[in-house]
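Take a look at the structure set out below.
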Amino acid sequence: DPTNADGVTIISYHWANSGPYAFGSYTGNKSADGPMINVGGSPKAFTVKRSDGGTENWRMNDTENSPSNPVDDFLTPNATDAIILANSTVHTDFLSNGIKSRATSNGQNGNTFVYIYTAFGIQPLTDGAINQGRAK
1031 DPTNADGVTI ISYHWANSGP YAFGSYTGNK SADGPMINVG GSPKAFTVKR
1081 SDGGTENWRM NDTENSPSNP VDDFLTPNAT DAIILANSTV HTDFLSNGIK
1131 SRATSNGQNG NTFVYIYTAF GIQPLTDGAI NQGRAK
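Heads up: the sequence shown is residues 1031 to 1166, going by my numbering.
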């Protein structure tokens, strides 16, 4: 049984970084023309957090709760908030080959901050993300 530093048994789940899942990091630039995160297809959900912890919550954008693009609504899965609607500083484009962070906030695209992310439900592209997009 794996345990943490306090001797409490822990459970962990692991996914391969391929197919319908992608995990990684990117560096923010605090610009409305923020970084492009290429995950090889169009994801259904994107979750992000500053790698140094910061004071911001995890942010999860998804195409089910917010079908318009760019997505301005997000969930904070580590907090008690419901969906945060139409936040003017959080804009996430769901593209045919990944995510374009257009946020101008430290929670998702602060200048020089490194962010970790997960992308789930990726529709993989077979031509290197050049000519295909998700069918709606």
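Think of the CB as a built atom: it goes at the ideal place given N, C-alpha and C, for glycine as much as any other residue.
- Under the three-state reduction of DSSP output, Gly1137 falls in the helix class.
- Around Lys1130, the same chain offers Gly1064, Met1066, Asp1123 as residues with beta carbons nearer than 7 angstroms, after the five sequence neighbours per side are excluded.
- In the displayed model, Phe1076 falls within a strand according to three-state DSSP.
- Taking Ile1040 as the centre and dropping the five residues before and after it, the same chain places the C-beta of Pro1032, Thr1033, Asn1034 closer than 7 angstroms to its C-beta, in chain order.
- When the beta-carbon positions are compared, Trp1088 and Pro1107 come within less than 8 angstroms of each other.
- Across the structure, Pro1097 and Phe1150 are spaced so that their CA atoms are roughly 16 angstroms apart.
- Note: Leu1125 is bridge-paired with Gly1128 in the DSSP secondary-structure output.
- About 6 angstroms separates the beta carbons of Ser1055 and Ser1081, which is inside the 8 angstroms limit, making them a contact pair.
- Shown here, Thr1039 sits in a strand according to DSSP, grouped into three states.
- Apart from sequence neighbours up to five positions away, the residues of its chain that approach Asp1092 with a beta-carbon distance below 8 angstroms are Lys1074, Ala1075, Phe1076, Val1101, Leu1105, ordered along the chain.
- Pairing Gly1058 with Asn1127 gives a Cβ-Cβ distance that is not under 8 angstroms.
- Assigned with DSSP and collapsed to three states, Ile1067 falls in strand.
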